[in-house]
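For reference, the structure discussed in these notes is given below.
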Amino acid sequence: MTQAKLMVSQVETPIPDVSLHPAHSIEGLVQVFTCTHRSFFTNVMAQALRIAGQGTPVLVVQFLKGGIAQGYEHPVQLGQSLDWIRCNLSRCIDTPVLDDDEQKSLEELWLYTQDVVCQGKYELVVLDELSLAITFGLISEGDVLAFLKKRPRNVDVILTGPEMPRSLLDVADQITELRRSHQP
């Protein structure tokens, strides 16, 4: 008796994880948080922490804060999804007058920020006290506008600080103006 051999071919088809690569990209927003005083960062940081806690990569950049000799080379990492960087300065900046090392540190931080954002490393970027850096003439308003245009489409950007320039307000998708409701 002859025995017939049955040949079976199996083809494995990978099933893509659609949760990692959505079919359509959601366009990121530009949000502005502004206030006449400088003590409102808690609201923005709470939003950044909440989003990072959900696994979304977040970058917080504080341009005018110093005092901890950090620099972009040594980010503080909160959890697995939030990087927090400051200038490598011995003081907090509250004046447009910087020495050469301070100016260099601020410029390096701004260039680094633009580079990592354009690489698509983060989905939310907080640029804290950016308006003061612009007002002090430390970062060019035109450079910020160009950065907002060239960032990856899915990246949300939050700009903070008092006296936000009109050009940045004009490109913002959302503007939050915080005011004190009582006098201390």
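Counting in the working numbering, the sequence shown runs from -10 upward without gaps.
Where a beta carbon is used, it is the ideal one built from N, C-alpha and C, also for glycine.
For clarity, every value in this text was computed on a predicted model and none was experimentally measured.
| query | result |
| --- | --- |
| By DSSP, does Ile147 sit in helix, in strand, or in coil? | strand |
| DSSP three-state call for Ile40: helix, strand or coil? | helix |
| Taking 6 Å as the limit between beta carbons, can you name the residues of its chain near Tyr61, skipping five residues before and five after? | Ile74, Leu98 and Tyr101 |
| State whether the region 115 to 122 contacts the region 135 to 152, with contact taken as three or more CB pairs (one from each stretch) at a distance under 8 Å. | yes |
| Roughly how many angstroms lie between the CA atoms of Gln92 and Ala41, to the nearest whole one? | 30 Å |
| Can you give the beta carbon distance from Leu38 to Cys81, rounded, assuming they're within the 8 Å contact cut? | Rounded, the Cβ-Cβ distance is 22 Å, inconsistent with contact. |
| Which residues in the same chain as Ser94 place their Cβ atom closer than 7 Å to its Cβ, once the five residues preceding and following it in sequence are excluded? | Gly60, Cys76, Asn77 and Leu78 |
| Go ahead and label Val7 buried or exposed: buried means 16 or more other beta carbons lie within 10 angstroms of its beta carbon, across all protein chains shown. | Low confidence applies here, because Val7 scores a pLDDT of 47, under 50, leaving its location unreliable; read the following figure in that light. Looking at its Cβ environment, which holds fewer than 16 other Cβ atoms inside 10 Å, Val7 is exposed. |
| Could you check if Ser215 is buried or exposed, using at least 16 other CB atoms within 10 Å of its CB as the buried criterion? | Because the chain is modelled from -10 through 173, residue 215 falls outside the range shown and cannot be assessed. |
| Measuring CA to CA, which of Leu158, Asp159, Leu48 and Leu127 is closest to Gln108? | Leu48 |
| Below 8 Å CB to CB, which residues in the same chain sit around Val33 once its five sequence neighbours on both sides are set aside? | Phe22, Val115, Asp117, Ile147 and Thr149 |
| With a 10 Å radius around its C-beta and 16 neighbouring C-beta atoms as the bar for buried, classify Glu166 as buried or exposed. | exposed |
| Going by CA-CA distance only, name the one from Gly55, Asp104, Gly68 and Thr124 that's closest to Asp90. | Gly55 |
| Is the beta carbon of Leu18 sitting closer than 9 Å to the one on Asp159? | no |
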